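Engineer:
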Amino acid sequence: MKREKIMRVFWPIGFGIAFLLLWEFGIFHDLLNLKPFQLPIPSEIAITLFENYEQAFSDMLITVTGALIGLVIGSFIGFCIAVVATIFPKWGFGGMILVTALNAVPIVALSPIMNLWFTTGMFQKIGVVTVVCMAAMAINAYYGMNDLKPFSLDLMHSSAASRWHIFKKLRLPNSLPNVFTALRINIASAIIAAIISEYFATSTAGLGFGIKDNLRKAEMAMGWSYIVVASIAGVTLYLFIVLVERDVIKWHASQR
Amino acid sequence: MELTRRDRRVVTLVWLGSIIVLWEVLAAVLLFLIQDNMASSKLPFPHDVLITFVGEWRSLLTAGFVTLSRAGLGFAIGGMIGVTLAVVMSLSKIAEKIAFPYLIVSQMIPVLGLAPIIFNIVRDMNMSRIVIAAYITFFPVAVNMLSGFKSVEDEKKELMRSIAANRVDIYLKLMFPYSLPYLFTGLKIAAPMAVTASILVDMLGSKSGIGVRILYSLYSSSFDIFWASVFTSAFMGILSYNIVIFAERLFIPWKNVASKKVGAK
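Each protein sequence line maps, in turn, to chains B and X. The numbering of the first sequence is my numbering, which starts it at 1 and goes up by one. The numbering of the second sequence is my numbering, which starts it at 1001 and goes up by one.
1) Look up Asp154 (chain B) in the DSSP assignment and say whether it is helix, strand or coil.
2) To test your reading of the DSSP string, which unbroken alpha helix (DSSP H) runs of 4 or more residues are found completely within the stretch 186–245 of chain B?
3) Between which residues of its own chain and Arg1005 (chain X) is the CB-CB distance below 6 Å, once the five residues before and five after are set aside?
4) Looking at chain B, which residues of the stretch 1112–1125 of chain X have a Cβ within less than 7 Å of any of its Cβ atoms?
5) Quick check for students: name the residue ranges of the alpha helix (DSSP H) that lie wholly in the stretch 1164–1241 of chain X, counting only runs of 4 or more.
6) Rounded to the nearest angstrom, what separates Phe123 (chain B) and Leu1114 (chain X) at their Cα positions?
7) Could I get the ranges of all uninterrupted alpha helix (DSSP H) runs contained in the stretch 1069–1146 of chain X, with 4 residues as the minimum, in chain order?
8) Between B:Trp164, B:Met96 and B:Lys5, which has its C-alpha nearest Ala85 (chain B)'s C-alpha?
9) Does chain B have any CB closer than 8 Å to the CB of Arg1070 (chain X)?
10) Specify the secondary structure class of Gly26 (chain B) as computed by DSSP and reduced to three states.
11) Buried or exposed: where does Ala1264 (chain X) fall if 16 or more other Cβ atoms within 10 Å of its Cβ makes it buried?
12) On the CB-based measure, 16 or more other CB atoms within 10 Å of its CB, does Glu4 (chain B) come out buried or exposed?
13) Helix, strand or coil for Val99 (chain B) per DSSP?
14) Looking at C-beta atoms only, is the number of pairs between the stretch 194–207 of chain B and the stretch 119–134 of chain B that lie closer than 8 Å three or more?
15) Classify Ala1063 (chain X) as helix, strand or coil using the three-state DSSP reduction.
16) To which residues of the same chain is Val1083 (chain X) closer than 6 Å at the C-beta, ignoring the five residues directly before and after it?
17) Can you pull out the residues from the stretch 21–45 of chain B whose beta carbon lies closer than 9 Å to at least one beta carbon of chain X?
18) Cβ of Pro173 (chain B) less than 8 Å from any chain X Cβ?
19) Please work out which residues of its chain come closer than 7 Å, Cβ to Cβ, to Asn146 (chain B), disregarding the five sequence neighbours upstream and downstream, and give them in chain order.
20) Roughly how many angstroms lie between the CA atoms of Gly208 (chain B) and Leu239 (chain B), to the nearest whole one?
21) Using the beta-carbon count (16 or more within 10 Å), is Ser231 (chain B) buried or exposed?
22) Less than 7 Å between C-beta atoms, sequence neighbours within five positions excluded: which residues of the same chain meet that for Leu237 (chain B)?
23) Given a threshold of 16 other Cβ atoms within 10 Å of its Cβ, counted over all protein chains shown, does Trp117 (chain B) qualify as buried or as exposed?
24) Counting only beta-carbon separations shorter than 8 Å, does Tyr238 (chain B) have a partner in chain A?
25) My guess is that Ala101 (chain B) and Ile1051 (chain X) are in contact by the Cβ rule of under 8 Å, so how many angstroms apart are they, rounded?
26) Taking contact to mean at least 3 C-beta pairs separated by less than 8 Å, is the stretch 1156–1164 of chain X in contact with the stretch 1096–1105 of chain X?
27) List the whole-angstrom C-beta distance separating Val1152 (chain X) from Leu1174 (chain X), where the pair is believed to meet the contact cut-off of C-beta under 8 Å.
28) What's the call for Pro1116 (chain X), buried or exposed, on a 16-neighbour Cβ count within 10 Å?
29) Looking only at C-alpha atoms, which of B:Ile241, B:Leu176 and B:Val131 sits nearest to Ala193 (chain B)?
30) Which residues mark the beginning and the end of the alpha helix (DSSP H) in which Asn52 (chain B) is found?
31) Grab the span of the alpha helix (DSSP H) containing Asn140 (chain B) for me, first residue to last.
32) Taking just the CA atoms, how far does Val99 (chain B) sit from Gly1186 (chain X)?
33) Mapping DSSP to helix, strand and coil, what is Glu44 (chain B)?
34) Ends of the alpha helix (DSSP H) at Leu1013 (chain X)?
35) Less than 7 Å between C-beta atoms, sequence neighbours within five positions excluded: which residues of the same chain meet that for Leu1124 (chain X)?
36) Rounded to whole angstroms, what's the CA-CA distance from Met222 (chain B) to Ile62 (chain B)? Just pull it up for me.
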């Protein structure tokens, strides 16, 4: 059993180290016919990141702040849409079809529009992230509120529960796992959306701007270290949501 | 919910219509009441956008097709690699142990952030469109396909083995059909992302494609074309999603029947 556990950790980490070593010693460069200045090696990226970590950290804070504010606003609006659509089933259903369509709209197309509407980089970011997070939350929460076990609704009706009661005691708790699924989806897409909006925005700070600016200056190692920082931020926020989820919905089957 | 098909269609159309009307009103308010002199760029009249689209449809659709076809090619390649990896992971425990943690982590990191870097390495716009679209399709397909394979009950596999079916047969006749719904879940997630990736590469410095139209019209302040291009790219995303749904209906006809039964309870 113990051996099993060790192997479970050993294989992925061993593979990761082997991958980094192949990269470090230029095997990938030979295979793909690349020059070191096109694809910097890991040690160079690590050193660059270490030397510029203050800059990278402040840029990350800007991007993450925008992503989180947009995430909160967008998820809240999305949840409200789901609630309204549940209260008015017939008309709400049509609204949900449109939200689904909105979900398929490419983020990139949104960021120039937000550039026209808002003048500062922060508001552009928040605008793009809000729209992106809205759709996923609305769809998941709506699904959670309406995908009830058939008998549970009958039980509520048999005890003459009001619609408000049904909503509070049945639909809301039932939607919680789906809400957290949406939050997990949103945390990743919020950071992506924030970075992409920075590629095209007028902002002069943030991870996306940093990546673009450093590539323009042919500072490839710096661009890569921004990717590393963005990934660390993404994983941290994701784990945070997972921890909260574990606490809030202890009763759900997926947590047992 | 006892909504007939016709009801649904009516409801959706009413929604669509009221949003367009609301948009027209807002645009009018912005233009005539607030007198914003950027009104036509911030929120143009929908009918103006439509007129521009009709006037420019040939060039817009050509640009859209360039972007969409590269996204589609990358999507197909990424999907195939994803399915292959899922098969390898389901065959070998070691491969699963190696790859699965990375697949999970990949869902947490901003993969599209790599797009400019890949573009910088590859330096060829068609190639990088395909590479990035494939790269982004690969993860959700592999993860979903693997959970599809895992959801096949052992009894079913044992039944196949008891009639001396070989591995290929087990995969072709049991594992693949069984995990098709999971595959399509992954494809539905990936399709709009592949289009996004392709447009992003356009905007990073290609010479053709819908993203280029968006950027150029923005720089040259021809906002009617800008809005028409934005709408075209939005439709491309929606189209890609609907193509996958159409394919799902085609390949999994039994799923529709099942869901109808549930609805009729």
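Virtual Cβ for every residue (Gly too), placed ideally from N, Cα, C. As the structure is a prediction and not an experimental result, all values here were calculated from the model.
Structural biologist: Here's the rundown:
1) Of the three classes helix, strand and coil, the one that applies to Asp154 (chain B) here is helix, per DSSP.
2) Qualifying alpha helix (DSSP H) stretches, in chain order: 207–216.
3) There are no such residues.
4) Flagged, chain order: Leu1112, Gly1113, Leu1114, Pro1116, Ile1117, Asn1120 and Ile1121.
5) Taking only runs of at least 4 residues, the alpha helix (DSSP H) segments lying wholly in the stretch 1164–1241 of chain X are 1176–1203 and 1210–1219.
6) Their Cα atoms are separated by approximately 24 Å.
7) Listed in chain order, they are 1093–1108 and 1115–1122.
8) Of the candidates B:Trp164, B:Met96 and B:Lys5, the one whose C-alpha sits nearest the C-alpha of Ala85 (chain B) is B:Met96.
9) It does not; no Cβ of chain B falls within 8 Å.
10) When DSSP states are grouped into helix, strand and coil, Gly26 (chain B) belongs to the coil group.
11) Any reading at Ala1264 (chain X) is ruled out, since the residue's pLDDT is 37, under 50, leaving its predicted position unreliable.
12) Under this definition Glu4 (chain B) is an exposed residue.
13) Val99 (chain B) falls in the helix class under three-state DSSP.
14) Taking a cut-off of 8 Å for Cβ pairs, the stretch 194–207 of chain B and the stretch 119–134 of chain B touch, as three or more such pairs fall below it.
15) In the structure shown, Ala1063 (chain X) sits in a helix (DSSP, three-state: H, G or I).
16) Sequence-distant partners of Val1083 (chain X) (beyond 5 residues in either direction) whose C-beta falls short of 6 Å from its own C-beta, in its chain, are Met1145.
17) Taken in chain order, the members of the stretch 21–45 of chain B whose beta-carbon sits within less than 9 Å of a beta-carbon on chain X are Leu32, Leu34, Gln38 and Leu39.
18) Answer no: the Cβ-Cβ gap between Pro173 (chain B) and chain X never drops below 8 Å.
19) Taken in chain order, the residues that qualify are Thr86.
20) About 22 Å.
21) Taking all protein chains shown into account, Ser231 (chain B) has 16 or more neighbouring C-beta atoms within 10 Å of its C-beta and is therefore buried.
22) If we look at Leu237 (chain B) and ignore the five residues flanking it on each side, its Cβ neighbours are Ile187.
23) If you draw a 10 Å sphere on the C-beta of Trp117 (chain B), you find fewer than 16 other C-beta atoms in it, and that means exposed.
24) Here the protein chains are B and X, and chain A is not one of them.
25) At roughly 22 Å, the Cβ-Cβ gap does not stay under 8 Å, so Ala101 (chain B) and Ile1051 (chain X) are not in contact.
26) The stretch 1096–1105 of chain X and the stretch 1156–1164 of chain X do not touch, with fewer than three beta-carbon pairs separated by less than 8 Å.
27) About 6 Å separates the two Cβ atoms, so the contact holds.
28) A buried status is given to Pro1116 (chain X), since no fewer than 16 other beta-carbon atoms sit within 10 Å of its beta-carbon.
29) For the options B:Ile241, B:Leu176 and B:Val131, the alpha carbon positioned closest to that of Ala193 (chain B) is the one of B:Val131.
30) It is not in any alpha helix (DSSP H) - Asn52 (chain B) carries neither H nor E in the DSSP assignment.
31) Asn140 (chain B) -> alpha helix (DSSP H) spans Gly121 to Asn146.
32) Pairing Gly1186 (chain X) with Val99 (chain B), the inter-Cα distance amounts to about 19 Å.
33) Here Glu44 (chain B) sits in helix by DSSP.
34) In this chain, the alpha helix (DSSP H) harbouring Leu1013 (chain X) covers Arg1005 to Ala1028.
35) In the sequence as displayed, the identity of residue 1124 (chain X) is Asp instead of Leu. The beta carbon of Asp1124 (chain X) is closer than 7 Å to none in its chain, skipping five residues each way along the sequence.
36) Their backbone Cα atoms lie some 17 Å apart in a straight line.
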